[in-house]
Amino acid sequence: MSPSTLDMAPMNAKGMNRREALKYLGLAGAGSLLAACGMPLYATRGGAGQRVVVVGGGFGGATAAKYLKRLAPRLEVVLIEPQRRYYTCPFTNLYLGGLREFETLGHGYDELRNRYGVRVIHDLAGDVDSEGRRLTLGNGEQLSWDRLILSPGIDFRWGALEGYDEAAAEKAPHAWKPGPQSRLLRQQLVDMPDGGTFILVAPENPFRCPPGPYERVSMVAHYFKQHKPRSKILLLDAKDNFSKQGLFMEGWRENYGEMIEWVGRSSDGKVVRVDAENLEVETEFGEIHRASVLNVVPPQQAGLIAKRTGVVDGTGWTPVNPRTFESKAVPGVYVIGDAVEAAPMPKSGFVANTQAKVTARAVVADLAGEEPPEPSWTNTCYSVIAPNWGITVAGVYEVHQGELREVPGSGGVSPLAAAPDFRQREALYAEAWYAAIAQDTWGTRPAG
Amino acid sequence: MILISSGRSNVRTDEPRGLTRLRGKALLAPYEKKVRHCYPRRDSAEIREVLMRLVVLVGLIALGGATFILSLRSSTEPTQGASAETPFEARIALVAATCANCHGTDGRLRTAIPPIAGMPESFLQTQLLAFKNGEVPAATVMPRLVKGYTDEELKALASYFAALPRERE
């Protein structure tokens, strides 16, 4: 029985009952005939009878599910995501700065379900049998796959930074995964008396959202400037360089004067121990800093499901074939988003979305026994330093001699010392970008 | 009817295969029965009916095929039937999909960032090449992005978005 037979029959059965429809088997044969006459396989086959399971409903997973269905409408696509509403990490900082309501960061799965016919299951993906190509959901249901796409995001390496575990995060939040942690940090900032010190501890590379810690202190500074102008911000960094460094430094100076102090690793910025009870941190050379509000961005690794599937290596991330993002360790399993080792691409929502589109094509081509097209990925990370002050870093990526690289001559950061209207436009475009990627990923229509 | 019952070897999951078997049986059942039943008797009414069915069948195959080809051609979702594309077209569709991150799916979202679907090809082409050549003073991120593509790719992107309807069907 050819797969095209399967889906053409019901498709043409509209308005007839099934028995009547079955009489006209001829219709069903048409697809097979065309396939036999040399029509490209997945145009006729459309992936019918084949199933792709996508784990994780964030920028990577939700986009992969949508674009799989756009490419091969008859492919069965199952998306597994525990949350009914997904809250994005991007723009959490704007919530912390008081520029956005938390609810505006939430997105649902109606478009994927209703418009694209994705089966969305709100459950945890538990045990994975990579050889048997099946996984078990939290409710016990077993789900087999022809191809598996993992977009699990990050997990924290609890305890890798001494004193910082899940219990410590209740006192000194990370707020690096949106949800109760974001609300906790916001509440602590609101409760902090004027004249207090906000300390942010930034990790070594690689980590989710390289400009994130620096945008965060900008947004906290924006809030302090309005409500607690005598307060200080200390950024203790395990690195000596960071994303868009010159632009951030310029923006901090111009907007917040001396409020933000950044301490790099060689100036003893690396935190080695956290005492969440007393909101104290100790640096490499033994200096103790005390905070009024302490925000620790902990070391990270690929989400747990990636480990369970056997695609993670000693680095804690997942190595992949650069053309398709198929795991180097487990055939038929693809990994996208923050969990993947894809330098020089940053771990950003934007990149996860474009990785999803490249991988969706690779998966559909692979299922049809065809070659995927020459891949291309892009990134644009907007950071908002103040309501009228946005900056960007952009990149276009390709495979060159079997390695990922930035296309020579492309990409780069906003110019230093740009005119105020340039910064203003990039702040405006940051909002527009968020609306667009939320529409492209989850189908969320912009408000108003 | 051998044609439609020809098997496919690369089904890997259990459930779809089970489904295939089930539906295959249901679809073929009347014919199998008919064949077994009529073989020894072959009365003329039966033969006529079989012939009639055959005529209808051939007609429907032709009709179905034509409809199918037309549906591919008139498809408004440019990514459907994607493998009918040349490798270059497939790459352009792939690059175009990355534009959606700021311009919305298929370039149709209207925000401070303008929609690009259905804009005149000449306008899009001029604009993209002007970004690349540093001729748009007000531009922010676009010059940095378009430098990642050849002029040929940018022209093909202009033509891709120009061909899309401005509004979703």
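These protein sequence lines map, in sequence, to chains A and B.
Taken in order, the first sequence gives residues 0 to 447; the numbers are from numbering that gives the first Met the number 0.
Taken in order, the second sequence gives residues 0 to 168; the numbers are from numbering that gives the first Met the number 0.
The C-beta atom is built at its ideal place from N, Cα and C for all residues, glycine as well.
- When C-alpha distances from Gly309/A are compared across Gln299/A, Gly331/A, Arg322/A, the shortest belongs to Gly331/A.
- With the criterion set as a beta carbon lying under 7 Å from some beta carbon of chain A, the members of the stretch 88–122 of chain B are Ala89, Arg90, Leu93, Val94, Ala96, Thr97, Ala99, Asn100, Cys101, His102, Gly103, Thr104, Leu108, Thr110, Ala111, Ile112, in sequence order.
- For Leu199/A, the three-state secondary structure derived from DSSP is strand.
- Interface with chain B (9 Å Cβ-Cβ cutoff): Gln438/A is included.
- Unbroken alpha helix (DSSP H) stretches of 4 residues or longer found wholly inside the stretch 133–203 of chain A: 165–168, 179–190, given in chain order.
- Tyr159/B is outside the set of residues whose beta carbon lies under 9 Å from a beta carbon in chain A.
- Along the stretch 128–147 of chain B, the positions whose C-beta sits under 7 Å from a C-beta of chain A are Thr139, Val140, Arg143, Leu144, Lys146, Gly147, read in chain order.
- Linking Pro192/A to Leu293/A through their CA atoms gives a straight-line distance of about 14 Å.
- The Cβ neighbour count for Thr314/A, taken over all protein chains shown within 10 Å, is under 16; the residue is labelled exposed.
- With a cut-off of 8 Å on Cβ pairs, the stretch 151–165 of chain A is not in contact with the stretch 61–74 of chain A, counting fewer than three such pairs.
- Selection Arg83/A, Asn378/A, Cys208/A, Thr135/A evaluated against Gly394/A yields Asn378/A as nearest (Cα-Cα).
- Runs of the alpha helix (DSSP H) lying entirely within the stretch 268–339 of chain A and spanning at least 4 residues, in chain order: 303–308.
- Contact between Phe349/A and Asn100/B is confirmed by a C-beta separation of about 6 Å, below the 8 Å threshold.
- Listed along chain A, the residues sitting closer than 8 Å to Pro86/B by beta-carbon distance are Glu370, Pro372, Glu373.
- The continuous alpha helix (DSSP H) containing Thr353/A extends over residues 348–366.
- The beta strand (DSSP E) runs of length 3 or more contained entirely in the stretch 60–126 of chain A are, from start to end of the chain, 75–79, 118–120.
- Around the CB of Ala418/A, fewer than 16 other CB atoms lie within 10 Å, so the residue is classed as exposed.
- At a cut-off of 9 Å between beta-carbon atoms, Thr282/A makes no contact with chain B.
- According to the DSSP secondary-structure assignment, Ile259/A is paired through a beta bridge with Ile232/A.
- Under a 10 Å Cβ-count criterion, Phe284/A is classified as exposed, with fewer than 16 other Cβ atoms of the shown protein chains found around its own Cβ.
- Not one beta carbon of chain B lies nearer than 9 Å to the beta carbon of Gly250/A.
- The beta carbon of Gly60/A does not come within 9 Å of any beta carbon belonging to chain B, so the residue lies off that interface.
- Contact between Val117/A and Leu111/A holds: CB atoms are separated by about 4 Å, below the 8 Å threshold.
- Bounds of the alpha helix (DSSP H) holding Arg90/B are 86–102.
- Boundaries of the alpha helix (DSSP H) around Tyr222/A: 211–226.
- Selection Trp261/A, Asn92/A, Gln423/A evaluated against Phe241/A yields Trp261/A as nearest (Cα-Cα).
- Val189/A is classed as exposed because its beta carbon has fewer than 16 other beta carbons within 10 Å across all chains shown.
- Secondary structure of Thr443/A (DSSP, three-state): coil.
- Taking the beta carbon of Glu140/A as reference, no residue of chain B falls within 9 Å; the closest one sits roughly 11 Å away.
- Against Glu430/A, the close residues of chain B are Thr110, Ala111, in the order they occur along the chain (beta-carbon pairs closer than 8 Å).
- Between Val357/A and Glu281/A, the alpha-carbon positions lie close to 43 Å from each other.
- Beta-carbon to beta-carbon, Asp236/A and Gly263/A are separated by about 5 Å, close enough to satisfy the 8 Å threshold.
- Non-local C-beta neighbours of Ser143/A in its own chain, meaning closer than 6 Å and more than five positions away in sequence, comprise Arg132, Arg133, ordered along the chain.
- Put simply, the CB of Ala393/A is near chain B, with a gap under 9 Å to one of its CB atoms.
- A distance of 9 Å or more separates the beta carbons of Thr323/A and Ala301/A.
- When DSSP states are grouped into helix, strand and coil, Tyr381/A belongs to the strand group.
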